[in-house]
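Visitor: Numbering-wise, the numbering used here puts 9 at position 9 of the sequence shown, and it's gapless, one number per residue. No residue lacks a Cβ here, since even glycine has one placed at the ideal position from N, Cα and C. Sending over a structure as C-alpha cells; questions will come in a sec.
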Amino acid sequence: MARPVLNSMLLGSTDPDRLKAWYRDAFQAGVDGYGNLDLGGFGLVIEHRDDVAAQAPEPGRFIVNFAVDDIEASAEHLRTLDVDWLVEPEDRGIGKFATLTDPDGNYVQLIQMKPEYYANR
Numbered sequence: 001m002a003r004p005v006l007n008s009m010l011l012g013s014t015d016p017d018r019l020k021a022w023y024r025d026a027f028q029a030g031v032d033g034y035g036n037l038d039l040g041g042f043g044l045v046i047e048h049r050d051d052v053a054a055q056a057p058e059p060g061r062f063i064v065n066f067a068v069d070d071i072e073a074s075a076e077h078l079r080t081l082d083v084d085w086l087v088e089p090e091d092r093g094i095g096k097f098a099t100l101t102d103p104d105g106n107y108v109q110l111i112q113m114k115p116e117y118y119a120n121r
C-alpha cells in the first residue's frame with residue numbers, strides 16, 4: 001500500500017460563501033469545478049456546517065499555514081482586506097512568520113523560510 005498524501009482540508013463555516021471569497025481573494029486561489037479552492041495543488045474545501053460556531057472557539061487548535069516567497073508583499077496585500085493580526089511579520093531566525101485571523105476567527109500563518117533552511121534539510 002502506498003503512503004497516503006495529504007491533499008486537502010475542509011473548513012466548516014456558518015457562512016461558507018464569505019469565507020471562501022476571503023481565502024480566494026487573500027491568496028489568489030483558483031477554484032475547481034466543484035467550487036473548492038486550489039492553493040498550489042492543495043485543496044481547501046469550505047462547506048456549511050451546523051456543528052460549528054460562527055467564530056472559532058479555539059482558533060489555535062489548527063493553523064492554516066501558507067508558504068510565501070515575500071512575506072512583506074503578502075502582508076501588504078492582506079492589509080488591504082483589513083485583517084486582524086495576532087503577530088505582524090517578524091524574523092524568528094529560521095525565517096519570517098506572521099499570524100492573522102480569517103473571518104471565522106481561524107488562525108492563518110504566513111511563513112517565509114530562509115534559503116539555508118532548505119539547504120540543510
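(1) Near residue 36, what residues of its chain come up, given a Cβ to Cβ distance below 6 angstroms and the 5 sequence neighbours on each side ignored?
(2) DSSP state of residue 19, grouped into three classes?
(3) Quick one, are the C-beta atoms of residue 112 and residue 95 less than 9 angstroms apart?
(4) Do residue 54 and residue 15 have their C-beta atoms within less than 9 angstroms of each other?
(5) Taking the alpha-carbon positions, what's the residue 22 to residue 114 distance?
(6) Which stretch, first to last residue, makes up the beta strand (DSSP E) that contains residue 67?
(7) Starting from the Cα of residue 73, find the closest Cα among 58, 97, 62 and give me that residue.
(8) Among residues of its own chain, excluding the 5 on either side of residue 69, which ones have a beta-carbon nearer than 8 angstroms to its beta-carbon?
(9) What is the DSSP secondary structure of residue 25, reduced to helix, strand or coil?
(10) Given that a residue counts as buried once 16 or more other Cβ atoms are within 10 Å of its Cβ, and exposed if not, what is residue 8?
(11) Mind checking whether residue 107 and residue 60 have CB atoms under 9 angstroms apart?
Guide: Straight from the coordinates:
(1) By 1-based counting over the sequence shown, the position of residue 36 is 36. Closer than 6 angstroms at Cβ, skipping near neighbours: 43, 45.
(2) As a first step, residue 19 is located in the sequence shown; it is residue number 19 there, counting from the start. In the three-state DSSP reduction, residue 19 falls in the helix class (H, G or I).
(3) Locating residue 112 in the sequence shown gives position 112, counting from the first residue. Locating residue 95 in the sequence shown gives position 95, counting from the first residue. Yes, these two residues count as a Cβ contact at 9 angstroms.
(4) As a working note, residue 54 is residue 54 in the sequence shown. As a working note, residue 15 is residue 15 in the sequence shown. Result yes, Cβ atoms of residue 54 and residue 15 sit closer than 9 angstroms.
(5) Looking up residue 22 in the sequence shown gives position 22. Looking up residue 114 in the sequence shown gives position 114. Those two C-alpha atoms are separated by around 28 angstroms.
(6) Position 67 of the sequence shown, counted from the start, is the residue given in the question as residue 67. It spans 63-67 - the beta strand (DSSP E) in which residue 67 sits, taken as one unbroken run.
(7) Sequence index remark: in the sequence shown, residue 73 carries index 73 (1-based). Closest by alpha carbon: 97.
(8) As a working mapping, residue 69 is identified with position 69 in the sequence shown. Within the same chain, residue 69 has close Cβ partners 112.
(9) In the sequence shown, counting from the first residue as 1, residue 25 sits at position 25. Here residue 25 sits in helix by DSSP.
(10) Locating residue 8 in the sequence shown gives position 8, where the first residue counts as 1. The residue in question, residue 8, is exposed, as its Cβ has fewer than 16 Cβ neighbours within 10 Å.
(11) Within the sequence shown, residue 107 is the residue found at index 107, counting from 1. Within the sequence shown, residue 60 is the residue found at index 60, counting from 1. Closer than 9 angstroms, so yes.
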